[in-house]
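First residue of the sequence shown: 1, per the numbering used here; consecutive thereafter.
We treat Cβ as the ideally placed atom computed from N, Cα and C, and that holds for glycine.
Report on one structure; see the data block that follows.
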Amino acid sequence: MAIAIDFGTSNTVIARWNPVTQEPETLIIPGLSTQQGFNPPVIPSLVYIEQAQQGKVLVGQEVRDRGFDLKNETRCFRSFKRGIGADIQGFLPEIDGERITFEQVGQLFLNKLIAQLAPIEGGLDSLVLTVPVDSFEAYRYWLGQVCQALPVERVQMLDEPTAAALGYDLVDREILLVVDFGGGTLDLSLVRLDQSLQTKKPVGFLLKWGNKSLGENSRQKPKTARVLAKAGQNLGGSDIDNWLVDYFAKTQGLAVTPLTTRLAERVKIQLSTQNQASEVYFDDENLESYELGLNREMFDNILQERGFFAQLDQSMTSLLQQARRQGIEVTDINAVLLVGGTVQLPAVQTWVKQYFPGEKIRCERPFEAIAQGALQLAQGMEIKDFLYHSYGVRYWDSRQRRHNWHSIIKSGQAYPMSESVELVLGASVENQPSIELIIGELGSQTGSTEVYFDGDRLITRRLEAGVTSVKPLNDQAGARTIAQLTPPGYPGSDRIKVLFQVDEQRFLRITVEDLLTNDTLLENQLVAQLS
């Protein structure tokens, strides 16, 4: 059975391809999925650790049914996706004497979903997992490692915005802009669908099932989608919830707790469909009641004060600049697809309409489009993509007297790379026994995001523009050394040649050659594993 999982910061959606109807459908996992009051049903991205050593956990709706998400429970984790692969500022929680990482929490969450899903579906032979467009390779690598032990024949990954474009089933439109705005991230992706791939068959037809081809469908070319431009930020609905709680704490003296955060979230959701919203809160300790009231105008003012729209404009400007460099203007974009819970806010839809006419904007499938679109990858959809981040090496900037980063593989590079990038290095001191090189994945140069704790809340903070965020890939003892020199090196001549390559799985690999001895010191070494 083919399954796609859209693992979100706030909610997770699972879809499968129905071989009978040849249509995607959203799955319900009894006990874990929401049953009432939410259409379509989703799995809340919540984990409650009952026993750390045994890996015994509650996930999704199980956590809400027992009210663990409404208490200051250190065993309860929400928005943990944000912490995976990120440098966390602050103390990680300790449970049953064990320090818990967000990578562990994420693995417990996915393992339980798949463990309960497999018997329902009679086993899984294909799994597609979606990832944020702005995620570092550390997140993608973690996700790949989680899947290694799963009894699934094929596992694939796909950017969430690209999956959304496929999920809206718009092959009759050439250029699509996807605005994916969920609980933790804002992702913008400009996608071109290949017009030559239209056939007389229905758009979502089944090309291949496992290793068995189905009749004449097997002779058709795979459909292709090419990503033209990307922009993204760690900004989402959970940030807005925190801002609202802070507002009520300041104006009404309301305590900042998981319960009040949930109430603030409900106020936000109400404002998606009505002009005035309110929730009543009763403090059973102090025997006091509060009414959390807000209208859309006040809500929009809070967003404005937090620089919300400025951050949205920054991402849109970046994406449109990338598009213009390829000769694509705003008027050339045929449709704008809105996905994720945060796009349901009228303020967000109004913001999008400042750039595009209303008739081009689609918002009818905000929760299901990503998971259901990802299924097309399992059914024969080939994705041509490029690197969102640059890769570089660290060097000493003598003019500014500090370390800096030099890009060797630029963002926008298609992968797998057809040719390697070459870097030649020499020794810097007499009798040098080895050469070290710190390699990093370079993030945004127009501002970046820091993930940290504020009390028991995992939140993000925007850094100043011009600060380059870097994810070192091999900055640890033993991993920095890329060449042992025998005989030792001397200044004044080139000694080693380093070849950089990115494979089809988006991992950076290096080959190191000794120019003096003609020996190959490293061959096709996977750099991301070194961290």
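- For asparagine 275, same chain residues with a beta-carbon under 7 Å away, outside a window of 5 residues either side, are Asn295, Arg296 in chain order.
- Under the criterion of beta carbons closer than 8 Å, glycine 440 and leucine 473 qualify as touching, at roughly 6 Å.
- The criterion of a C-beta distance shorter than 7 Å is not satisfied by isoleucine 43 and threonine 21.
- Taking a contact to require three or more Cβ pairs closer than 8 Å, the segment 160 to 168 and the segment 138 to 146 do not qualify as touching.
- Of all alpha-carbon atoms in Asp6, Asn18, Arg64, the one lying nearest the alpha-carbon of leucine 32 is that of Arg64.
- Your pair arginine 262 and leucine 70 checks out as a contact, with CB atoms roughly 6 Å apart and the cut at 8 Å.
- Here the segment 304 to 321 lies against the segment 233 to 247, with 3 or more beta-carbon pairs under 8 Å apart.
- Every beta strand (DSSP E) stretch that sits fully inside the segment 392 to 448 and reaches 3 residues is listed by chain position as 402 to 409, 421 to 426, 432 to 436, 439 to 442.
- For the pair leucine 127 and glycine 358, the Cα-to-Cα distance works out to about 35 Å.
- In this structure, DSSP gives arginine 324 a helical state, which the three-state scheme calls helix.
- Leaving aside the five residues that flank methionine 417 on each side, the residues in its chain whose CB is nearer than 6 Å to its CB run, in chain order, Gln501, Val502.
- Rounded to whole angstroms, the gap between the alpha carbons of glycine 237 and aspartate 397 is 40 Å.
- For the segment 7 to 91, the full-length beta strand (DSSP E) segments reaching 3 residues or more read 11 to 18, 23 to 26, 46 to 51, 56 to 59, 76 to 78 along the chain.
- Taking the CA atoms as reference points, arginine 394 sits about 58 Å from leucine 287.
- Under the three-state reduction of DSSP output, leucine 166 falls in the helix class.
- Non-local C-beta neighbours of leucine 515 in its own chain, meaning closer than 8 Å and more than five positions away in sequence, comprise Val424, Asp494, Arg495, Ile496, Lys497, ordered along the chain.
- Using a Cβ distance threshold of 7 Å, glycine 184 and lysine 112 do not count as a contacting pair.
- Inter-residue distance for glutamine 270 and valine 280 is about 13 Å (C-alpha atoms, whole angstroms).
- Each residue's CA atom was taken as its position, placing phenylalanine 68 and phenylalanine 77 some 10 Å apart.
- In the three-state reduction of the DSSP assignment, aspartate 494 falls in the strand class, which pools E and B.
- It is roughly 15 Å from the alpha-carbon of aspartate 87 to the alpha-carbon of tyrosine 141.
- Between proline 30 and leucine 375, the C-beta spacing is not below 7 Å.
- Inclusion of valine 191 and valine 155 in the CB contact set at 7 Å is not warranted, their separation being larger than that value.
- Per DSSP, the unbroken alpha helix (DSSP H) holding methionine 298 starts and ends at 296 to 305.
- Between glutamate 50 and lysine 56, the CB-CB gap stays under 7 Å.
- When the alpha-carbon of leucine 186 is set against those of Lys230, Leu176, Phe282, Tyr247, the nearest one is in Lys230.
- For serine 126, the enclosing beta strand (DSSP E) stretches over residues 126 to 131.
- In the three-state reduction of the DSSP assignment, methionine 316 falls in the helix class.
- Going by beta carbons, glycine 373 and leucine 124 fall outside the 7 Å limit.
- Setting aside the 5 residues that flank it on each side, glycine 60 is surrounded in the same chain by Leu32, Ser33, Ile43, Pro44, Leu46, each with a C-beta closer than 7 Å to its C-beta; the list follows chain order.
- Distances from the CA of tyrosine 391 to each of Ile438, Pro433, Ile120, Gly253 were compared; the closest alpha carbon is that of Ile438.
- Secondary structure of glutamine 274 (DSSP, three-state): coil.
- Per the Cβ contact rule, the segment 362 to 371 is not in contact with the segment 319 to 330 (fewer than 3 Cβ pairs under 8 Å).
- The DSSP-derived three-state label of aspartate 96 is coil.
- Here arginine 509 is near leucine 526, since their CB atoms are less than 7 Å apart.
- DSSP places tyrosine 355 outside both helix and strand once states are collapsed to three, so it counts as coil.
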